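A short worksheet on the structure shown next.
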Amino acid sequence: MATLLYRLGRASLRRRRLVAVVWLVVLVGLGLAAATLRGPTASNFTMPGTESQKAIDLLADRFPAASGATGTIAIKAPQDGALTTPAGQAVVTQVTQEAATLPGVVGAVDPYQAQALTPDGRYALIQVQFAGGADDVTDEQRDAYEKVGAQAEAQGWQIAPGGEVLNAEPEVGSTEAIGVLVAAIVLVITFGSLVAAGMTMLNALIGVGVGMAGLFALSGAVELTSTAPILALMLGLAVGIDYSLFITSRHRQNLLDGLSPEEAVGRAVGTAGSAVVFAGATVVVALAGLAVVGIPFLTVMGLAAAGTVTIAVLVAITLAPALLGFAGHKVLPRKLRDRKAVEDPTTGSEDRSGFGFRWARWVTKLRIPVILVGLLGLGLLAIPAQDMRLALPDASAAAEGTPARVSSDLIREGFGPGFTGRLAVVVTADSPQATQAAIPQVTALVQKTDGVLAVAPPQVDPSGRTALIGVIPKTGPTDEATETVVHDIRKQVSGIQNADVLLTGVTAVGIDVSEKLSDALPVYLLLVVGLSILLLMLVFRSILVPVKAALGFLLTVAATFGITVAVFQQGHLADLVGLDTPAPLVSFLPILLIGILFGLAMDYEVFLVSRMREDFVHGDTAQQATINGMGHGARVVTAAALIMISVFGGFVFLEDPIIKSMGFALAIGVAIDAFVVRMTIVPAVMSLLNNAAWWLPRWLNKILPNVDVEGEGLRAHLAEKQHANV
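If you read the sequence shown in this note's numbering, its first letter stands for residue 7, the second for the next number, and so on.
Below is the structure:
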């Protein structure tokens, strides 16, 4: 592979104008396709096969009038008893009629008829039924809904429209540019050259542009969840910068070693590019592996992110060499353009007084205390993970001041948390008689279930075969007690004869999604760990090195989960990340985090340990090889990790709690894995294992294919080429 990439790098530099034009044409073409073919993103998370989803599908078929999105308008009168006065009734009736005539609305329920009033006569709820689902509601319809009751508010009433209809796509704004700016500063400091830093950033931005344009072009044919493009952008930008950084760093080293630009870029792509391809492949495989979980929206998220990573790899090994060809020796700081590498302390050449070498010597000397302290520290950080709860966030976790949060708070204030997480029981049979016979049985069973506050009168479809019964639990949508209520109701009604009874609603969907993801988490984790051991065994021709890498990955994941739970679920230091209300973690975060961190962890493992193996194979002792690997790789890996942390951290400033938690968890995970696990615990363990780290049974060595990430085949090819020229 190294030899093939060596030739690709040289060809890209020689034909740099053609390569640049091709990528520019691809970018413009996909941009135009995205502008014309882009489809809407979905804000709901469907889960085929679950009871809640079966009920939703059944309603769409048999009772379409009740299958659309719902809204709840919370009303608070200026004083107690105002709702019972003629003037107060007139205000509520006017708001109800206004809501019923909104575009896209099929009806609004009068709170006086539904008895949706508080005993003190101050709070009321208007249920609004939309014709289409939440994703079918247009921005114009949503804006009109949010402005309902403006006349009543002018009279001192508080009108707060809310409900699932307000679910909107999270917006990426200027705050994420902070992370990119920090990444650019890190590049300038690392390279000491504005040309090198700017070229690396440009390379990454082109890759992200191509990847995102392609993703949006496909969105017209493939349904994307609202978080999928954000994840793809987040990951594509981070790895795009890192991969270009690795290749540019090696290219600069080769230039300082006296090689011509063409030969320097060829060897850079052949060596660092091999590691980039392998690291990118691990990320892609891990993300694409989310498909085995069998959850459509998670599969789409994984494939979308995997697509942007693939583009980042292709751009790094083709466009980066072309841009390096345009830059020539300007990628070096001015003071180094006429000097040899041995005189340059910033490139990690043969000067062994740099921080990386000093750190490696210190870690290997104190390897036992370092390992014990590292394990103890990460273990303590992981403790909160045992209390981790998963759920799809409801409006109570939205940012303060947003319409959804204002409505949720008002409903909780007047009616209690259960009214923000209504459940719906669907009763259906082959005949109207069977449905009518089952309704009172179902109602009685639900009413006597612990944790149920109220049961609404049934709504029956025109055919009389399907009925919808509203259920209000005593607790909120993400409370653990509500999960118990959902399971208890399903158990209670399971014995109904001659009719099918299904429980659904946004709350039930969230519980079903979370439980299925929790069940899939151990399986996916086992798959990822097994994959990491297999892939690293191919790369390093060792058994203990892959096992050590996998165990380090597990430490990273556990500590990351612990810190994320402590901040986002338990609320410790929540103000530092702008979190208004602690809540359970979004249900797909752990499994997504495992997939992404796996690829990034293997990324740093390869860049550090491959140099250790390279020096060991060429005659250094295991101890010296460990020091060399750290000494040469520490600077670049540190810069790469800081860039990753900056990019991911930039998304913490978003108001959306899902994106905020994803950005935080990824930034913390990268920091732990890069600085604690890979650059501290790994060299200590490698020093402790000594020669045993590189042991591999002969029979296994024979059957494993040689992927040549370290470039041994390339060195042989170059030596043969040099000999032929002589």
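C-beta: ideal position from N, C-alpha, C; glycine also.
All values reported here derive from a predicted model rather than from experimental measurement.
Leaving aside the five residues that flank L33 on each side, the residues in its chain whose CB is nearer than 8 Å to its CB run, in chain order, I212, G215, V216, A219. Check the Cα spacing between D67 and each of A450, S402, R411, A473: the tightest is with A473.
Going by beta carbons, F604 and F559 fall inside the 9 Å limit. A distance below 6 Å between beta-carbons, with the five flanking residues on each side excluded, links A640 to the following residues of its chain, in chain order: G362. Close CB contacts of D506 within its chain, under the 6 Å cut and outside five residues either way in sequence, are with T434 (chain order). In the DSSP annotation of this structure, the continuous segment of the beta strand (DSSP E) that includes K82 starts and ends at 76-82. Nearest Cα to V553 within the set D586, W700, I79, I247: W700. Inclusion of V245 and A318 in the CB contact set at 9 Å is warranted, their separation being smaller than that value.
9 Å or more divides the Cβ of A580 from the Cβ of V192. Remark: C-beta atoms of R128 and Q157 do not approach each other more closely than 9 Å. At least 9 Å separates the beta-carbon of R617 from that of R547. Judged by DSSP secondary structure, F136 falls within the beta strand (DSSP E) whose first and last residues are 129-136. The C-alpha of V98 is placed about 11 Å away from the C-alpha of E159.
The Cβ atoms of A71 and V112 lie closer than 9 Å to each other.
If you compare the alpha carbons of S413, P423, V458 with that of V431, the shortest gap goes to V458. In this structure, A26 sits away from I165, with a CB-CB distance that is not shorter than 9 Å.
Approximately 5 Å separates the beta-carbon atoms of T206 and T254; this is inside 8 Å, confirming the contact. The distance from the Cβ of P596 to that of L532 is about 14 Å, inconsistent with a contact at the 8 Å cut-off. Residue environment: A410 is assigned as buried (16 or more neighbouring CB atoms within 10 Å of its CB, all protein chains considered). By the C-beta criterion, the segment 510-522 is judged not to be in contact with the segment 447-455, since fewer than 3 inter-stretch pairs fall below 8 Å. Shortest Cα-Cα distance from V643 to any of G669, P46, R684, I674 involves R684. Judged by DSSP secondary structure, T426 falls outside any alpha helix (DSSP H); it is assigned neither H nor E. Rounded to the nearest whole angstrom, the CA to CA distance from N707 to I377 is 30 Å. Rounded to whole angstroms, R16 and N712 show a C-alpha spacing of 23 Å.
Look at I323 here: in three-state DSSP terms it is helix. Per DSSP, reduced to three states, the secondary structure at Q161 is coil, with no helix or strand assignment. Within the segment 244-299, the complete alpha helix (DSSP H) runs of at least 4 residues fall at 267-294. By alpha-carbon distance to L261, the top candidate from L304, G334, F622 is G334. If the five residues before and after A106 are omitted, its C-beta is found closer than 7 Å to the C-beta atoms of G113, A114, all from its own chain and listed in chain order. Residue state for Q465 is assigned as strand, using DSSP reduced to three classes. For T434, the pairing in a beta bridge is given by DSSP as T472, D506. By the Cβ-count criterion, R256 is buried, with 16 or more other Cβ atoms from all chains shown falling within 10 Å of its own Cβ. Distance from the CA atom of S280 to the CA atom of L606, rounded to whole angstroms, is 15 Å. When rounded, the separation of the alpha-carbon atoms in A690 and F613 is 17 Å. Spatial neighbours of A397 in its own chain (CB-CB distance under 8 Å, excluding positions within 5 residues in sequence) are listed in chain order as P483, T484, G516, I517, S520, A589, P590, L591, V592, S593.
Around the C-beta of E611, 16 or more other C-beta atoms lie within 10 Å, and the residue is accordingly described as buried.
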